[in-house]
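**Q** According to my numbering, the sequence shown is numbered sequentially starting from 836. For every residue, glycine included, the Cβ atom is placed at its ideal position computed from N, Cα and C. Every value quoted in this text rests on a predicted model; they were computed, and no experiment measured them. Okay, handing you the structure first.
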Amino acid sequence: MNPLLRYVQGYPEHIVTPVRQLIESGNLKKWFEQRYPTQHSIKHEKALFEYTMQIKNRFLKKTAPLSKVIYDNKIHLINNALGLHSYVQRVQGSKVKSKNEIRIASVFKNAPEPLLRMLIVHELAHLKEKEHNKAFYALCCHMEPNYHQLELDARLFMIYLES
836 MNPLLRYVQG YPEHIVTPVR QLIESGNLKK WFEQRYPTQH SIKHEKALFE YTMQIKNRFL
896 KKTAPLSKVI YDNKIHLINN ALGLHSYVQR VQGSKVKSKN EIRIASVFKN APEPLLRMLI
956 VHELAHLKEK EHNKAFYALC CHMEPNYHQL ELDARLFMIY LES
């Protein structure tokens, strides 16, 4: 099996077969660049935080606040994750302080904007739904109607970067 296909492992064969054919024919790069000809301009963490807050304020106004949204160079190395959300509680005197943070894999600094948006939506959904269950994916699709296609395309982006 082609090691690049690990990104689409678990997808049905009718999706994996065309991906395999694109890789084997050497046409994946051309296909991807035609589908997504431009990268986003959100390169700095302040802009990433503002971008994330726009989405959060539109769809998740009543969820806990975010303290940090950053690009993280180490994420891709850990469990092949593309983004992480964390919830940290610290006791300070008699008060419990909590922080919600989102970390996005640095490879998405140079991604097409729809793929970055999908990843932000995914991590924001974890503010409300901790598990990857039906409610979680319904929330993702509410915030980004094309969520499932963009999730697949994000996996193809990872193959594109490695090929």
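Is VAL854 helix, strand or coil by DSSP?
**A** Working through the sequence shown from its first residue, we reach residue 854 at position 19. Three-state DSSP puts VAL854 in a helix.
**Q** Taking LYS903 as the reference, which of LYS864, TYR886, LYS896, ARG893 has the closest Cα?
**A** Within the sequence shown, the letter at position 68 stands for residue 903. Cα-wise, what sits closest to LYS903 is TYR886.
**Q** Alpha carbon to alpha carbon, how far is LEU987 from VAL843?
**A** By one-based count along the sequence shown, residue 987 stands at place 152. By one-based count along the sequence shown, residue 843 stands at place 8. About 8 Å.
**Q** Evaluate the contact criterion for the region 955 to 969 versus the region 889 to 899: three or more CB pairs, one atom per stretch, below 8 Å.
**A** These segments touch.
**Q** For a test of the three-state rule: what should DSSP assign to SER941, helix, strand or coil?
**A** Counting from 1 along the sequence shown, the entry for residue 941 is found at position 106. SER941: helix per DSSP, three-state reduction.
**Q** Alpha carbon to alpha carbon, how far is ARG990 from LYS934?
**A** Locating residue 990 in the sequence shown gives position 155, counting from the first residue. Locating residue 934 in the sequence shown gives position 99, counting from the first residue. If you take the alpha carbons of ARG990 and LYS934, they lie about 29 Å apart.
**Q** So, is ARG952 buried or exposed, given that buried needs 16 or more other C-beta atoms within 10 angstroms?
**A** The sequence position of residue 952 within the sequence shown is 117, counting from 1. The residue in question, ARG952, is buried, as its Cβ has 16 or more Cβ neighbours within 10 Å.
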